[in-house]
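Anchor point for the sequence shown: position 102 equals 213 in my numbering, and the numbering is continuous, going up by one each time.
Ideal Cβ positions, reconstructed from N, Cα and C, are used throughout, including at glycine.
Only a predicted model underlies this, so the values are computations on that prediction, with no experimental measurement involved.
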Amino acid sequence: MKACGVSQKQLAERTSFDVRSISRWANGHQIPKPASILKLAEALGCSLKDFDPDFADSMEGVIVSGRVSAASHNAYAAMKLVFNVSQTQILELAPILFATVAARALQIPADDDAFVAAQEREARNRGIRIERCGSLDEVEGLDLDCKAANDHKCFGLEPEHGSTAIARNLFWEALSRMVAQADNRVSVDMWQQDWPGHVPDADGFNPHVALLDLVAEGDPEIIRRLVRGELRFSTSIDKAQIASKGDLNQLAELIRKDLADQAAAHRAMLEDRRRASQARLDLWRQGYEREHPEWAQEYEELTAALCHPANWYPAYYSDKMIEEARANPFAEARFLDDARYPGRFVLPRPFGHKPEPVYPCTNADVERFDELQAHRAASKAAFEGGSK
């Protein structure tokens, strides 16, 4: 504006923007949108990058945008505090970092094979005879890993339905090994997303152990909630005005307050959902027991005989999954107790989780239980459709 000899009022007239918007942009109180930057550049006869060196227009690059999880957002905020990098700078490096980890992932089967071969050579040199061994599941899993690497499936290949092959998520494996060499600066201790074929997200990843230990004063519960995105880290940073004052002393207290407020709101929301779901269940049961009294009674008897107690959940259920399940009693989530029927082990599981071992069903009571569950599910679907 100075080089062109243009005032804020004159620029507003040239661009049809409100002069107050021009003033806020010029004073750094707001950042203009890309479309506005284009108009400003045209009015002043300058380059888009005169406004923002990282700006990418249609001739020189692409504008990348997308929604990320709250956990990923927290990682961005931590990186800004520790390394003074912007989201734009991290996004610019994202394909480089991803390609590097993916390439490392595809190399893992060959690296592991080379490591075992070296051990075998060393053993032979010492006059010791060893042979590679492993269960059939492990051998089939290694074959899947090699196939994944050859096909450039960096997240691994999920075993076919019914298979018990022990395959790996190669991307996860590569990251785990890299983290192990990072001298405890980052952590994947709570980042349990290692099932093959799954694209991991940031939920559970600690981007800077020392920083989160500091702001949470070592409280593992606060750290857990931060790395799982249950609190927006940047919100707490803004409240403490960390960026301008460089003072972390207020942050732990503010995080705890934010966590308490969020937890209270979340509990209230879950309780509202639970009550509404329980009301639907009670209403549906009345009709079902009236139309199918014998089947309803038989289901209750089989549930008592075959299943774990109500509100029991398998080990692969996270705390969040358990909260969601308890807030939806209409779903009637019940799980067969394999200790009572060792010939069969089939656990319902959410999409994307590790498959549980599946064995042929030989028990007539269990087969009948499955039939009754399917009938109840169809009745509930019809009930839900009718209520809408």
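Beta-carbon gap between residue i and residue j smaller than 9 Å
i: A313; j: A182; result: yes
i: A260; j: P220; result: yes
i: F266; j: L253; result: no
i: C115; j: L159; result: no
i: L483; j: L392; result: no
i: G340; j: S490; result: no
i: Y428; j: A436; result: yes
i: F344; j: N185; result: yes
i: V297; j: G315; result: no
i: E443; j: R401; result: no
i: A278; j: P307; result: yes
i: H319; j: M190; result: yes
i: A438; j: E382; result: yes
i: A416; j: R451; result: yes
i: A146; j: Q119; result: no
i: K150; j: F128; result: yes
Chain-order list of residues whose beta-carbon lies under 7 Å from that of residue i (same chain, five-residue window excluded)
i: I366; result: V326, A327, I333, L342 and S347
i: A213; result: C265 and F282
i: M170; result: Confidence in M170 is poor, its pLDDT being 45 and thus under 50, which makes the residue's placement too unreliable to answer from.
i: A492; result: none
i: Q389; result: P440
i: K258; result: L268
Buried or exposed by the 16-neighbour rule on C-beta atoms within 10 Å, applied to residue i
i: D476; result: exposed
i: E495; result: exposed
i: V193; result: exposed
i: L394; result: exposed
i: G238; result: exposed
i: D256; result: buried
i: P331; result: exposed
i: F480; result: buried
i: I148; result: buried
i: E269; result: buried
i: V503; result: In the structure displayed, the chain extends from 112 to 499; residue 503 sits before or after that span and is not available.
i: C472; result: Only weak support is given to the placement of C472: the predicted model assigns it a pLDDT of 43, under 50, and the question is left unresolved by the model.
i: L204; result: exposed
i: N317; result: buried
i: Q292; result: exposed
i: Q141; result: exposed
i: A57; result: This structure does not reach residue 57, given that the chain is present from 112 up to 499, and the question cannot be answered.
i: Q304; result: buried
i: A247; result: Note that residue 247 corresponds to Leu in the displayed sequence, not to Ala. L247 should be labelled exposed.
i: L208; result: exposed
i: A216; result: buried
6 Å CB neighbourhood of residue i in its chain, flanking five on each side removed
i: A123; result: V130 and I133
i: L370; result: R336 and L342
i: Y410; result: L483
i: F162; result: I148
i: Q198; result: Y187
i: G398; result: none
i: A384; result: Reading off the sequence, residue 384 comes out as Arg, not Ala. Only A438 meet the Cβ criterion.
Contacts around residue i, its chain only, beta-carbon distance under 8 Å, and the 5 residues preceding and following it disregarded
i: A419; result: Looking at the sequence shown, residue 419 is not Ala but His. So the list reads R445, F446, L447 and D448, once near-sequence residues are dropped.
i: I433; result: Y424
i: R396; result: A407
9 Å Cβ cutoff, residue i in contact with chain C
i: K144; result: The chain labelled as chain C is not found in the depicted structure, where only one protein chain is given.
Residue ranges of each alpha helix (DSSP H) run of no fewer than 4 residues wholly in the region 214-240, ordered along the chain? none
Let me know the beta strand (DSSP E) ranges lying completely inside the region 294-367, each 3 residues or longer, listed in chain order. none
Could you pull out every unbroken alpha helix (DSSP H) segment of at least 4 residues lying fully inside the region 262-295, listed in chain order? 281-291
Which residue spans inside the region 369-417 form an unbroken alpha helix (DSSP H) run of at least 4? 404-417
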